[in-house]
Amino acid sequence: MPRISHLRKYFDLVNDVIKDDVYENVYIGDVLSFALSHIKDNSIWITIQNNVNVIAVATLRDVKAIILTEGVKPDTNMLQKSKQENIPVFTTELSHFETAKLLILQEKEDQNETLL
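The opening position of the sequence shown corresponds to residue 1 in the UniProt record's numbering, with each subsequent residue numbered one higher.
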């Protein structure tokens, strides 16, 4: 099973919240209201939204970690609230697609599977 702690190999942890939880799903999306109704529990959320409302949605949907893509950094309020809620926030210069692709490849590698 993929673990949050493995994300540190590929992405920059910006809030010093370290967890070794297992995640089961990945959600990619930037519209908060849509994310609220579609993120499954125990997911990682890939987004470019970088404000405190992301953390509010993440707590309601039991998001295990957030990955901000395209070089986006969390604003001050998001960073502070993510620490309070114990939600790791990572950043990357990669696109949503490249980030998801990397997660898929890592999961397959962890399971010693080939892609085809």
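Cβ atoms here follow ideal geometry from the backbone N, Cα and C, with glycine treated the same way.
Check Ile39 in the structure and name its three-state DSSP category.
coil
Going along the chain, which residues of its own chain have a beta-carbon closer than 6 Å to the beta-carbon of residue 120, five neighbours each way excluded?
Nothing in the structure corresponds to residue 120, since the chain is present only between 1 and 116.
How long is the line joining the alpha carbons of Leu94 and Ser37, rounded to whole angstroms?
26 Å
On the premise that Lys73 lies in contact with Val14, defined as a C-beta separation below 8 Å, what is that separation, rounded to the nearest angstrom?
7 Å
Please classify Arg8: does DSSP put it in a helix, a strand, or coil?
helix
List the DSSP bridge partners of Glu56.
Correcting the residue type first, residue 56 is Ala in the shown sequence and not Glu. The partner list for Ala56 (beta bridge, DSSP) is empty, contrary to what the question assumes.
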